[in-house]
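Beneath this line is the structure, given in structure tokens, with notes to follow.
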Amino acid sequence: MSQNTLTRRDFVAAGAACAAIAGGAGALSLGSWSPAFGEDDAPTNAVQKVTLCDGCGNKCAFTAYTVNEKLWRAIGCVGYPTSHGFLCGRGQGYAFLYANENRVKTPLKKNDSGGFEEISWDQACQEIGQRLTAADPGKIALYQSRGNSTFYPKRLMAALGSANCYSDAAIRDAGITATIEGISGAYPAPDVANAKYVVMLDKSTYDGMRPAEMAEFAKMVENGGHVVLVDSRETSFGRICDEWIGVKPGTELAFLLGVAGELVRTGHYNKDFVAANANGFDQFAAAMKGYTLDWAAETTGAETTQISQVAANLWANAPAAFVDMPWAGTLGSGFANSVDTVRMIYLINAILGCFNQKGGWLFPNAPFVSDEMLAEKGIPQLTTDASIITYADAPLVWGDSIIAAFEQMQAGNLTQMIVVEGNPVLDVSNGNGVKEALGKLDLLVVLDSFMTETALLADYVLPLSTFLERTDTIVTASGANAVAGLRTPVLTNTEVDGKSIPDAICALAAGAGLEAAFPFTLDDYNRANAELMGISYEGLLREGISAIPGSDAQLGTMPYLRTASGKIDFASPTFEAVGLSAVPTWTSPAVEAVNGSLRLMVGQEVVFQDTFCDASPYLMTLVEKYQLQQAWVNSDTAAALGIADGDTVEVSSPQGSLTVPAKVTELIAPNVVWMPAHFGSIYGQAEGTPLFGAAPKPLIAWQLEPGTGAGMMNETAVTLKKVGA
């Protein structure tokens, strides 16, 4: 594969072309995509209120302009670290989710014929509560994939006596969490705008960016900075990079080992930083010296000069240089070696000495709010002595592997489940296995705003208000400093009997006779958090966001490290204790494309994240216009299979098959088929509507990366053929 070099003029042109999708200052109005505008354009009767987006985990703050209880426009907030005055195309389109008429409007109960009948909230919560309290607490599970008001569902689980709480970490960021918690305990925020050299990985599986990043990258390039994309696929993000280094999928770890080996052998690392802040560096350095440039080149498919040049440029530009560590894709869950890929990112940046340096990694001093601190503010602690049933499958992330949970469910060890804003049938691997596991449950309760493939299997479906209609718990976002944000209603909907997550959970608690678990209101909880952060709760209610005093990253200082050594563990006792290597080591990908098979890779496109985005008709219009449902196939691979661009192809694995249009291109590695992970769902669609695209994750088998329980989402061999050939 060749590298791709762009001029500064190319960057500006690409940035302008991507603005509406990736981070444009323009906005989506109810009737059309509109150009950039100012606040003076708003109608005189428009009501302005700041709230938080729900199009992805960034939860960007934006000002909602409403007219007669309808959203008119949405503008990103300047003072929020993830938005900086912008709202991306996904956020613009997802803001009009509330207008989708295909809502779950009232609680539903599965009847004897397999359909649903409408019931009241009181009846639903009483019946659900009785069944939960009659169950074995150790066999109750919770799955919540979108991170909204997680305090409430987890507290209900504790009140029930269960610790079986699961997020989407196993299909997304398990390796990142495991790395940070296992070797430092310090969470970084990249200072892109002031960086001189940045290496990007994993844009194949998450092609989006925080709205603020577009402006930050533009400033970086304006200042003469250089951006390198190391990936098996050149994405839309790659078009604003200076260079694309193509590598075989799953060999990003080898690339980083080669870079680290070169830095250590040449002595190009910050020796003062290492001496003061590293634990086990000698063991790490000895291991790295064994990874030669020739080995790394042969393993990755990159050239030795490319790897050595990246190492040289990182060192030459340090400390204003770093390897990026993107969340939300499959960097931490894609391959059998994902967790060590993330470890290498963290440790390379450490030896560059870029911690709390301008243009490097910043570590804002966000306040930690503990359960003990909340108890002093009137939010009593509630814990359970129970252990999570899947701990042994994912010890580095405290057992948080939803895939391991489904395996336990199939074995009969989990018998009740609550799903909050999640669609695991399509968003988790092995959809048929998920259906089978859910079908064995004694009770399945789904809380969502729309009917989903998962909700169709439920005993009860409880309607949630959309994010523009409800209040959630306080969140924080970090950049050079930390900022608190609060989602509050900007619209009301009298046609839907929906509740917020906190209200729905409290109603379930009451039905189970567990009202005592919540002797406080949501207002009390948010106020307690605000006070512990040192901000005015009244001000937060009024403004929607608030900078946290004293949270600014302190340049030239070390962040607080939460390891036993008090240093960065280059050789990690935590990893060693669970049977992994103390230092990162090469592990080959679990799958090879042999005997005519291809590697299936899945990812998130710039305007989508999982099937919940299918509920936005505006986003669906966009993806249909640009045919974003296509499967990417390398030109040589396609030619050998007799496949032309636009042909309908069948992708098959032992778990099933699907058909989808092919996109034939040179911008992807050979012997790979890449598919967007978020189409083919009924989410938000009218009954009987033809589905757009296909859902690829059901083709992926259940498999667990050791230590993290991550799903190895890009480790499936498939066959590809032209339909009708």
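For the sequence shown, the positions run -27 to -1, 1 to 698 when mature numbering (1 follows the signal peptide of the UniProt record, and there is no 0) is used. A virtual CB, placed ideally from N, CA and C, is assigned to each residue, including glycine.
The continuous stretches of beta strand (DSSP E) do not include Trp371, and DSSP gives it neither H nor E. By the criterion of a C-beta distance shorter than 6 Å, Gly223 is surrounded in its chain by Phe308 and Pro562, once the five residues flanking it on both sides are discounted. A residue is called buried once 16 or more other Cβ atoms fall within 10 Å of its Cβ, and Tyr533, having fewer, is exposed.
Residues of the same chain with a CB within less than 6 Å of the CB of Thr560, apart from the 5 flanking positions on each side, are Ala309 and Asn310 in chain order. Contact annotation, Phe328 with Trp334: C-beta distance approximately 6 Å; criterion of less than 8 Å satisfied. The Cβ neighbour count for Pro492, taken over all protein chains shown within 10 Å, is under 16; the residue is labelled exposed. Taking Lys262 as the centre and dropping the five residues before and after it, the same chain places the C-beta of Gly234, Val237 and Arg238 closer than 7 Å to its C-beta, in chain order. The residue from Thr303, Gln330, Gly326 and Met298 with its alpha-carbon nearest to that of Met317 is Met298.
The Cβ-Cβ distance between Phe295 and Pro126 does not fall below 9 Å. If you ignore the 5 residues before and after Tyr319, its C-beta comes within less than 6 Å of the C-beta of Thr152, all in its own chain and listed in chain order. Counting C-beta pairs with one atom in each stretch, the region 393 to 413 and the region 33 to 41 have fewer than three that are closer than 8 Å, which means they do not touch. Of the residues assessed, Gly88 falls on the exposed side of the cut-off, its CB having fewer than 16 other CB atoms within 10 angstroms. If the five residues before and after Ile376 are omitted, its C-beta is found closer than 7 Å to the C-beta atoms of Ala143, Val401, Ser402, Trp675, Leu677, Gly682 and Gly684, all from its own chain and listed in chain order.
Each residue's CA atom was taken as its position, placing Val370 and Lys244 some 31 Å apart.
Here Thr584 is near Ser654, since their CB atoms are less than 9 Å apart.
Distance from Lys83 to Asp587 at the Cβ level is roughly 23 Å; contact not present, criterion being Cβ atoms closer than 8 Å.
At the C-beta level, Val463 and Thr24 come within 9 Å of one another.
Residue burial annotation: Glu426 is buried, with at least 16 other C-beta atoms found within 10 angstroms of its C-beta. Taking 9 Å as the cut-off, the beta carbon of Ala131 is found closer than this to the beta carbon of Thr356. The C-alpha of Val645 lies about 7 Å from the C-alpha of Asn607. Assignment of Tyr38 by DSSP, reduced to helix, strand and coil, places it in the strand class.
In the structure shown, the three-state DSSP call for Pro110 is helix.
Approximately 30 Å separates the beta-carbon atoms of Asp415 and Thr439; this is outside 8 Å, ruling out the contact. Nearest to Asp85 by alpha-carbon distance, out of Asp525, Leu441, Val564 and Leu430, is Leu430. Your pair Ala698 and Gly615 checks out as a contact, with CB atoms roughly 6 Å apart and the cut at 8 Å. Straight-line measurement puts the Cα of Gly576 at about 6 Å from the Cα of Tyr179. Taking all protein chains in view, the Cβ of Gln65 is crowded by 16 or more other Cβ atoms within 10 Å, so the residue is classified as buried.
One alpha carbon belongs to Ala359, the other to Ala365, and they sit about 14 Å apart.
Ranked by how close their Cα comes to the Cα of Gly49, the residues Ala188, Ala291 and His651 have Ala188 in first place. Beta-bridge partners assigned by DSSP to Gly181: none are found. In this structure the region 632 to 649 lies against the region 190 to 208, because at least three pairs of beta carbons, one per stretch, are closer than 8 Å. Asp476: member of the alpha helix (DSSP H) spanning Ile474 to Gly484, first to last residue. The DSSP-derived three-state label of Glu90 is strand.
Here the C-alpha atom of Gly523 lies approximately 7 Å from the C-alpha atom of Asn338. A Cβ-Cβ contact shorter than 9 Å links Cys29 with Arg63.
Here the alpha carbons of Leu553 and Tyr242 stand approximately 26 Å from one another.
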